[in-house]
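Asks: Got a structure for you, questions after.
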Amino acid sequence: MTLALALLLIALGLAALSAPDEATLIRQLRDGSESAFRRIFERDAPRLRAFVARRVSTDPDAPDDLVQDAFVRLWNHRTELDPALSVRAYLYRTAHNLALNWLRDRSTRGEVHGLTGVEDDAVGFESTFPTLAADDPSALDHAVHGELSAALDAAIRALPAKRQEVFRLAFVDGLRHREIAEMLGLSASTVENQVGAALKTVRRALARFA
Amino acid sequence: MTIPLPPLPAATPPGDDELSERDRALVRALDEASGDTFGPEAERWLAAHPDDRPEFTGALRLQSLARDLPSDPTGPAAWGRLAAATTQADAASPRPARQPDRPAVRQATPARRRVSWLTSVVAVLVAVGLAVAFFGTRPPAMQLAEADAAGGIVTRHLSDGTTVRLRPGSKLTYPARFSGDNRDVTLDGEAFFEVAHDPIHPFTVTAGPSQTTVLGTSFTVATWGGQTAVELFTGSVSLRSVGADGQPVGEPVTLAPDQQSAVRSGTPPTTPGAGHGRDEALDWLDGRFVFHNTPLADALREIGGTFGAEITVSDPALARQTVSGTIERTTARATLDALATVLDAKLDTLSGGGYTLMPGRP
């Protein structure tokens, strides 16, 4: 009796501890689980918003709208999701395309010039992210997180735009290299090179913490 | 916070783009890692190069730290705005007018919104009054509210900020306050929905045999004469047919803007096709009936529903005719007179106040 109770408690404890893995989450989402959808939303929406905001900075409402649209698409296409791929990659790719469309719509109205799309060269790439890296690090609340976090954040912001974007997607947002390569139309080795180079720069900037 | 970082490798020249074999292994190790654990590739490398472990581990800790960085340079306020945008009425708290070059998504024009905002105040007051009248004496366990557009168009703002305009003769049942994971309402008749964005709380309209699920969009649901037609204007909706047993019938369909699909009891939704367009689908908002090859029986149900009048057709052949065209909505009598003229039919008033259509000129 007590043994059974103890086992039950252990089982409950284990269930509470183990967050569902990506494949489970995708399976639940495919089955129409709203709680899985909510979990994904809460997990990915803030970073996805930052990702979109780095692309469409001229309209303060655009990132919210585009993130909403990306999630609406995820929900509507949930049954077509491939459990072997990450939901995050789907969301980022969708949001990336939505942002490009948004920018293209604007540029055809003559508001954004020089948009050449994402190509495997720094010039084309950077023109897609006109305001990247221009953020003021003081906007960040240094007091909230530790000194190392603040320095890490500042070091990432100091990276050149293209490298920063690729590095953020891999190192901060947690996308796989092949997902980034596919989304941005880069080769896998370019992604690795960019991440590797950025990592060196960042660690050099953090040398004083060593 | 102190996370011991191992000493940096001997200064690598910043001819950056070519990675050494070890750097490449490190980058791949970080890519492959799950949380704080390296994957098998990395462990193989580290087994062969045990001296690299401190550096690899340090880099992985740094990556974990990076994943906890605040996500938005503008801070949590921006996230708050997003969360608010997903749960709040854009109609209840009018946002600043959109820039004119924005695609007109999801919202009525500013002018219409101002008007609807005023009417919403009235509607909310009426709703509160009705709610007090209906539910004042009941325990607050199941607060279902009902909007009944008996006399004219009724606009309701639901607790999530969704705006619903009910066509005359239509009825909407909805929770006074949404709670839980879903926003569920039930419609009898026809209504134009502008659903507040809230991806984590899907909004579902049950109307006859159909269920329409959306996350934030504008569309109409019309259920007249045993058929439910859904036409989408902005966003995306998924429509499914639900059998008497509550089980889905066939596969649900997803509508793109300006598409429509229909559900009849026991049949799957029709393949999405071009809709009537906003003007025609929302004719009733302008006080008109617009029909497109509508079976007379369905048209009469719609007219009868609008005016609360009983209308019968004496002749089966006449009932099978279809009607197309626009009729001003004035009175039941005038509408039916116009219809009778088009159909070469005769209109009779029944003693109980109803009407009947029969073959033959008046």
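Going down the list, the protein sequences come from chains G and B.
Take 1 as the starting number for the first sequence in this note's numbering and just add one per residue.
Take 1001 as the starting number for the second sequence in this note's numbering and just add one per residue.
In this text, a Cβ means the ideal position worked out from N, Cα and C, and glycines have one as well.
No experiment lies behind these values; they were computed from the predicted model shown.
1. Could you give the first and the last residue of the continuous alpha helix (DSSP H) run that contains residue 1305/B?
2. Measuring CB to CB, does residue 1204/B end up less than 8 Å from residue 1183/B?
3. Taking only runs that begin and end inside the stretch 1230-1267 of chain B, name each unbroken beta strand (DSSP E) of 3 or more residues, in chain order.
4. Taking just the CA atoms, how far does residue 1334/B sit from residue 1163/B?
5. Using 8 Å as the cut-off, can you tell me whether the stretch 27-41 of chain G makes contact with the stretch 93-101 of chain G, which would need three or more C-beta pairs spanning the two stretches below that distance?
6. Is it true that the CB of residue 1298/B sits closer than 8 Å to the CB of residue 1275/B?
7. Counting Cβ pairs closer than 8 Å, one from the stretch 1298-1312 of chain B and one from the stretch 1243-1263 of chain B, do we hit at least three?
8. Determine, for residue 1059/B, whether the minimum Cβ-Cβ distance to residues of chain G falls below 8 Å.
9. Under a Cβ-count criterion, where at least 16 other Cβ atoms within 10 Å of its own Cβ denotes burial, should residue 1207/B be classed as buried or exposed?
10. Assign residue 1247/B to one of two classes, buried (16 or more other C-beta atoms within 10 Å of its C-beta) or exposed (fewer than that).
11. With 8 Å set as the bound, which would you pick, yes or no: does the beta-carbon of residue 1254/B sit closer than that to a beta-carbon of chain C?
12. Check whether the Cβ atoms of residue 67/G and residue 1235/B lie closer than 8 Å to each other.
13. For the alpha helix (DSSP H) that contains residue 165/G, what are its first and last residues?
14. Is the Cβ-Cβ distance between residue 1325/B and residue 1313/B less than 8 Å?
15. Use the C-beta contact count for residue 76/G: other C-beta atoms within 10 angstroms, 16 or more gives buried, fewer gives exposed.
16. Going straight from the alpha carbon of residue 1311/B to that of residue 1350/B, what length do you get?
17. Taking the beta carbon of residue 208/G as the centre, do at least 16 other beta carbons fall within 10 Å, making it buried, or is it exposed?
18. With H, G and I counted as helix, E and B as strand and the rest as coil, what does DSSP make of residue 1049/B?
19. Can you tell me the Cα-Cα spacing of residue 1173/B and residue 1273/B, whole angstroms?
20. With a threshold of 8 Å between beta carbons, is residue 1031/B in contact with chain G?
21. By the three-class DSSP mapping on this structure, what secondary structure does residue 1168/B have?
22. Under a Cβ-count criterion, where at least 16 other Cβ atoms within 10 Å of its own Cβ denotes burial, should residue 60/G be classed as buried or exposed?
23. On the three-state DSSP scale, how would you describe residue 1312/B?
24. With a threshold of 8 Å between beta-carbons, can residue 1261/B be considered close to chain G, or not?
25. Alpha carbon to alpha carbon, how far is residue 1193/B from residue 1245/B?
26. Starting from residue 1219/B, follow its DSSP beta bridges and name the residues at the other end.
27. Can you confirm whether the stretch 1039-1050 of chain B touches the stretch 194-203 of chain G when touching is taken to mean that 3 or more C-beta pairs between the two stretches lie within less than 8 Å?
28. Using only the alpha-carbon positions, how far apart do residue 162/G and residue 107/G sit?
29. By the three-class DSSP mapping on this structure, what secondary structure does residue 1178/B have?
30. Quickly, what does DSSP pair residue 1070/B with across the bridge? List them, please.
31. Below 7 Å, is the gap between the Cβ of residue 61/G and the nearest heavy atom of the ligand ADP?
32. Cβ atoms of residue 1209/B and residue 1241/B: under 8 Å apart, would you say?
33. Taking DSSP as the reference, what is the three-state secondary structure of residue 1331/B?
34. From the DSSP output, in three-state form, read off residue 84/G for me.
35. Counting C-beta neighbours from all protein chains within 10 Å, is the total for residue 1252/B 16 or more, i.e. buried, or is it exposed?
36. At 4 residues or longer, what runs of the alpha helix (DSSP H) sit wholly inside the stretch 12-74 of chain G?
Replies: In brief:
1. Sequence index remark: in the second sequence, residue 1305/B carries index 305 (1-based). From DSSP, the alpha helix (DSSP H) with residue 1305/B extends over 1296-1307.
2. In the second sequence, the residue the question calls residue 1204/B occupies position 204. In the second sequence, the residue the question calls residue 1183/B occupies position 183. Cβ atoms of residue 1204/B and residue 1183/B: closer than 8 Å.
3. Correct list: 1237-1242, 1248-1255, 1259-1264.
4. On the second sequence, position 163 is the one that residue 1163/B refers to. On the second sequence, position 334 is the one that residue 1334/B refers to. Their Cα atoms are separated by approximately 31 Å.
5. These segments do not touch.
6. As a working mapping, residue 1275/B is identified with position 275 in the second sequence. As a working mapping, residue 1298/B is identified with position 298 in the second sequence. No, the Cβ-Cβ distance between residue 1275/B and residue 1298/B is not below 8 Å.
7. No, they do not touch.
8. Translated into positions along the second sequence, residue 1059/B becomes position 59. Output row for residue 1059/B: interface = yes.
9. The residue you call residue 1207/B lines up with position 207 of the second sequence. Around the CB of residue 1207/B, 16 or more other CB atoms lie within 10 Å, so the residue is classed as buried.
10. In the second sequence, the residue the question calls residue 1247/B occupies position 247. With fewer than 16 other CB atoms across the displayed protein chains lying within 10 angstroms of its CB, residue 1247/B is exposed.
11. Although the question refers to chain C, the structure presented lacks it and instead comprises the protein chains G and B.
12. Start at 1 with the first residue of the first sequence, and residue 67/G comes out as number 67. Start at 1 with the first residue of the second sequence, and residue 1235/B comes out as number 235. The answer is no: Cβ separation not under 8 Å.
13. The count along the first sequence starts at 1 and reaches residue 165/G at position 165. Segment 161-167, the alpha helix (DSSP H) holding residue 165/G.
14. Within the second sequence, residue 1325/B is the residue found at index 325, counting from 1. Within the second sequence, residue 1313/B is the residue found at index 313, counting from 1. No, these two residues do not count as a Cβ contact at 8 Å.
15. Looking up residue 76/G in the first sequence gives position 76. Buried is the label assigned to residue 76/G, since at least 16 other Cβ atoms lie within 10 Å of its Cβ.
16. The sequence position of residue 1311/B within the second sequence is 311, counting from 1. The sequence position of residue 1350/B within the second sequence is 350, counting from 1. Each residue's CA atom was taken as its position, placing residue 1311/B and residue 1350/B some 9 Å apart.
17. Sequence index remark: in the first sequence, residue 208/G carries index 208 (1-based). Its Cβ having fewer than 16 others within 10 Å, residue 208/G is exposed.
18. Here residue 1049/B refers to the residue found at position 49 when the second sequence is read from its first residue. Reduced to three states, the DSSP call for residue 1049/B is coil.
19. Here the question's residue 1173/B lines up with position 173 in the second sequence. Here the question's residue 1273/B lines up with position 273 in the second sequence. Computed Cα separation, rounded: 29 Å.
20. To locate residue 1031/B, count along the second sequence from 1; it is residue 31. Taking Cβ atoms only, chain G reaches closer than 8 Å to residue 1031/B, which makes this a yes.
21. Residue mapping note: residue 1168/B aligns to position 168 of the second sequence, counting from 1. Residue 1168/B: coil per DSSP, three-state reduction.
22. Taking the first residue of the first sequence as position 1, residue 60/G is located at position 60. Residue 60/G counts as exposed, since fewer than 16 other beta carbons sit within 10 angstroms of its beta carbon.
23. Reading the second sequence from its first residue, position 312 is the one you call residue 1312/B. When secondary structure is reduced to three states using DSSP, residue 1312/B falls in the strand class.
24. One-based indexing of the second sequence puts residue 1261/B at position 261. No, residue 1261/B lies away from the interface with chain G (no Cβ there is under 8 Å from its Cβ).
25. The count along the second sequence starts at 1 and reaches residue 1193/B at position 193. The count along the second sequence starts at 1 and reaches residue 1245/B at position 245. It is roughly 27 Å from the alpha-carbon of residue 1193/B to the alpha-carbon of residue 1245/B.
26. For the purposes of this step, residue 1219/B is taken as the residue at position 219 of the second sequence. The secondary-structure analysis by DSSP pairs residue 1219/B across a beta bridge with 1193/B, 1232/B.
27. Flag = no, the stretch 194-203 of chain G and the stretch 1039-1050 of chain B do not touch.
28. Taking the first residue of the first sequence as position 1, residue 162/G is located at position 162. Taking the first residue of the first sequence as position 1, residue 107/G is located at position 107. Cα to Cα, residue 162/G sits roughly 21 Å from residue 107/G.
29. If you number the second sequence from 1, residue 1178/B lands on position 178. Residue 1178/B sits in coil when the DSSP states are folded into three classes, being neither helix nor strand.
30. If you number the second sequence from 1, residue 1070/B lands on position 70. Answer by DSSP bridge pairing: none, since residue 1070/B is not bridged.
31. Inclusion of the ligand ADP in the displayed structure is not the case, the ligand content being empty and no account of it being possible.
32. Stepping through the second sequence from its first residue, residue 1241/B is reached at position 241. Stepping through the second sequence from its first residue, residue 1209/B is reached at position 209. Residue 1241/B places its beta carbon less than 8 Å from that of residue 1209/B.
33. Counted from its first residue, the second sequence places residue 1331/B at position 331. DSSP, reduced to helix, strand and coil, places residue 1331/B outside both helices and strands of the structure shown, so it counts as coil.
34. Working through the first sequence from its first residue, we reach residue 84/G at position 84. For residue 84/G, the three-state secondary structure derived from DSSP is coil.
35. Here residue 1252/B corresponds to residue number 252 of the second sequence, with the count starting at 1. When all chains shown are included, residue 1252/B counts as buried.
36. Within the stretch 12-74 of chain G, the complete alpha helix (DSSP H) runs of at least 4 residues are 22-30, 34-53.
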